[in-house]
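Going by the numbering used here, the first residue of the sequence shown is number 325, and it counts up by one from there. Cβ coordinates follow ideal geometry from the N, Cα and C atoms, glycine included. Structure, as structure tokens:
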Amino acid sequence: MSKKTFLIITIIILIIISVVFTIIFLNSNKKDNVLQEKVEGQLNYVEKEIINMINELNNISFINATIKQTTEKRTKSKDSKSDSSSTSSSSGGESSSSGSSSGGESSSELATDSSQSATATETDKKEIKYTTEITGILNSDFSDVDWEYLKNNIENLYSIWNIAIIDLHQLNINNQDILNFSSSLDQVALSIKNEDKIATINNLANLYAYIPKYLEQFEKESRKINIAYTKNCIINTYVFVEQGKWNDVKDQTQKAINYFSEVINNAEQNNNKYNNNKITKIYVLLNELNNTIDLNDKELYYIKYRNAMDELVNI
């Protein structure tokens, strides 16, 4: 074999190897991207469930009005005479064809049927009504917590988390962070089971704190990480408001503004990719929330919190 032929064969082999490795690399990246998108979807679901449960503890809703269903029972009387007459006619027919012995049994059945007809003179009829209820902050009863809703939601959260654990491991998320989330989830479940409002709020806030930690370990877009940390800080303010620690509320709100300032800077660099108007609106709402804190008014704070968090969740 000549040197020229050997060189050509070598080059061809190298090209084939290069193509094979390129295909493998691209397929691997594609699988990683699919897995990453799946985990992002799971974390988004977990995030929204946590925020919904936190809001539920003070009857805060992103919807200003809700449709409420009520069921009423109405009692309706039957025509007992008509029922009794019908039974009597049927029994009499049997008596004439069966002789005196059958007639005795028929008379006994007639008495029983007539007695049952007389006692069953009323039936219940259900009527469903729908009414619109305004879900404002100022007229909310913060002590009226729907614990049944929370108990159902925390069980649903366990179901999605059992699936997410496997995918997080495949993304090489820190194992201790995964275990810590599971432990925190147990603490949330216990506080909800015991119907302890303050403990539930604290535990839900601790639970949410792992979401931005996970994103930092695989997310390429810093924007998403900063938005998650912004939400984390706002959730922390919710905890401190419940405890009356207004200085800590101020501190966490300022941190949220700082994190979101990075989102604004990112948006300016990617002008065609992000909705700048929405981002600007959120920044304004965060500053309005910050300006409210000095009033030390819980209800007014929750109004501004709801406005800001509603936009953050749907960004």
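- Roughly how many angstroms separate the alpha carbons of D572 and L359, rounded to a whole number? On the sequence shown, position 248 is the one that residue 572 refers to. On the sequence shown, position 35 is the one that residue 359 refers to. Cα to Cα, the separation comes out at about 38 angstroms.
- Message: Quick check on the burial criterion: 16 or more other C-beta atoms within 10 angstroms. Buried or exposed for Q541?
- Response: Mapped onto the sequence shown, residue 541 falls at position 217. Q541 is exposed by the Cβ-count criterion.
- By a C-beta neighbour count over all protein chains shown, 10 Å radius and 16 as the cutoff for buried, is L609 buried or exposed? Position 285 of the sequence shown, counting from 1, holds the residue named residue 609. Under this definition L609 is a buried residue.
- Straight-line gap, I339 to N560 (C-alpha atoms, nearest Å): On the sequence shown, position 15 is the one that residue 339 refers to. On the sequence shown, position 236 is the one that residue 560 refers to. If I take the Cα positions, the gap works out to 56 angstroms.
- Can you have a look at G416 and say buried or exposed, based on whether 16 or more other CB atoms are within 10 angstroms of its CB? On the sequence shown, residue 416 is found 92 positions in, with the first residue counted as 1. Confidence at G416 is low in this model, with a pLDDT of 39, below 50, so its placement is unreliable and the value that follows should be read with caution. Exposed: under 16 other Cβ atoms inside 10 Å.
- Query: Taking the runs of the alpha helix (DSSP H) that are 4 residues or longer, which of them lie wholly in the segment 573–628?
  - Reply: 600–616
- Item | Inter-residue CB distance, Y583 and T616 (contact presumed, cutoff 8 angstroms) | Along the sequence shown, read from residue 1 onward, the residue named residue 583 stands at position 259. Along the sequence shown, read from residue 1 onward, the residue named residue 616 stands at position 292. Incorrect: roughly 19 angstroms between the Cβ atoms, too far for contact.
- Task: Taking 8 angstroms as the cut-off, decide whether the C-beta atoms of M377 and N477 are in contact.
- Result: What you label residue 377 is simply residue 53 of the sequence shown in a count that begins at 1. What you label residue 477 is simply residue 153 of the sequence shown in a count that begins at 1. Yes, the pair counts as a contact, with Cβ atoms nearer than the cut-off.
- Hey, quick one: how far does the alpha helix (DSSP H) through L481 stretch, first residue to last? As a working mapping, residue 481 is identified with position 157 in the sequence shown. Where L481 is concerned, the enclosing alpha helix (DSSP H) stretches over W471 to Q494.
- Query: Which residues bound the alpha helix (DSSP H) around K501?
  - Reply: One-based indexing of the sequence shown puts residue 501 at position 177. As written in the sequence, residue 501 is Asp, which differs from the Lys given in the question. Per DSSP, D501 belongs to the alpha helix (DSSP H) from N499 to K517.
- Would you kindly check if the distance between the Cβ of V370 and the Cβ of L462 is under 8 angstroms? The residue labelled residue 462 in the question sits at position 138 within the sequence shown. The residue labelled residue 370 in the question sits at position 46 within the sequence shown. Against a cut-off of 8 angstroms, the Cβ pair of V370 and L462 comes out as no contact.
- Three-state class that DSSP yields for V451 in the structure shown: As a first step, residue 451 is located in the sequence shown; it is residue number 127 there, counting from the start. Reading the sequence as shown, one finds Glu at residue 451 and not Val. E451 falls in the strand class under three-state DSSP.
- Message: Comparing C-alpha positions only, which one of N382, T524, I588 and I502 sits nearest to Y629?
- Response: As a working mapping, residue 629 is identified with position 305 in the sequence shown. Closest option to Y629, Cα to Cα, is N382.
- Neighbourhood of S508 by C-beta distance below 8 angstroms, restricted to the same chain and skipping five residues each side: Position 184 of the sequence shown, counted from the first residue, corresponds to residue 508. Excluding sequence neighbours, S508 sits near N527, N530, L531 and Y534.
- Message: Would V587 and N611 qualify as a contact pair, given that the criterion is a beta-carbon distance under 8 angstroms?
- Response: What you label residue 587 is simply residue 263 of the sequence shown in a count that begins at 1. What you label residue 611 is simply residue 287 of the sequence shown in a count that begins at 1. Not a contact, by the Cβ cut-off of 8 angstroms.
- Message: Using C-beta distances below 7 angstroms, list every residue in its chain close to N556, excluding the 5 sequence neighbours before and after it, in chain order.
- Response: Counting from one through the sequence shown, the residue named residue 556 turns up at place 232. Answer for N556: Y532, A533 and P536, listed in chain order.
- Query: If V363 and D491 are in contact, beta carbons under 8 angstroms, what's the gap, nearest whole angstrom?
  - Reply: Counted from its first residue, the sequence shown places residue 363 at position 39. Counted from its first residue, the sequence shown places residue 491 at position 167. Contact flag correct, Cβ pair sits at about 5 angstroms.
- Task: Measuring alpha carbon to alpha carbon, tell me which of I525, I487 and E545 ends up nearest I375.
- Result: One-based indexing of the sequence shown puts residue 375 at position 51. Of the listed residues, the one whose Cα sits closest to I375 is I525.
- Message: Taking 7 angstroms as the limit between beta carbons, can you name the residues of its chain near E566, skipping five residues before and five after?
- Response: The residue labelled residue 566 in the question sits at position 242 within the sequence shown. Same-chain partners within the cutoff: I522 and I525.
- Message: Using CA atoms only, rank isn't needed, just tell me which of T329, I336, I484 and N357 is closest to E310.
- Response: No answer is possible for residue 310: the residues shown for the chain start at 325 and end at 639.
- Going by the CB atoms, is the gap between Q578 and I484 shorter than 8 angstroms? Here residue 484 is taken as the residue at index 160 of the sequence shown, counted from 1. Here residue 578 is taken as the residue at index 254 of the sequence shown, counted from 1. Result no, Cβ atoms of I484 and Q578 do not sit closer than 8 angstroms.
- Got a sec? Which residues, its chain only, sit under 6 angstroms from N515 by beta carbon, not counting five neighbours each side? Locating residue 515 in the sequence shown gives position 191, counting from the first residue. For the record, residue 515 in the displayed sequence is Ser; it is not Asn. Result list for S515: A523, T524 and N527, in chain order.
- Just the Cα atoms here: how many angstroms apart are F386 and E373? Start at 1 with the first residue of the sequence shown, and residue 386 comes out as number 62. Start at 1 with the first residue of the sequence shown, and residue 373 comes out as number 49. Spanning the two alpha carbons is a distance of roughly 13 angstroms.
- For D470, which option in N486, F505, E479 and E519 has the closest C-alpha, if you only look at C-alpha atoms? Taking the first residue of the sequence shown as 1, we reach residue 470 at position 146. Of the listed residues, the one whose Cα sits closest to D470 is E519.
- Task: Go ahead and pull the three-state DSSP assignment for S422.
- Result: As a working mapping, residue 422 is identified with position 98 in the sequence shown. For S422, the predicted model reports a pLDDT of 42, less than 50, meaning its position is unreliable; a value from the coordinates is still stated below. Helix at S422.
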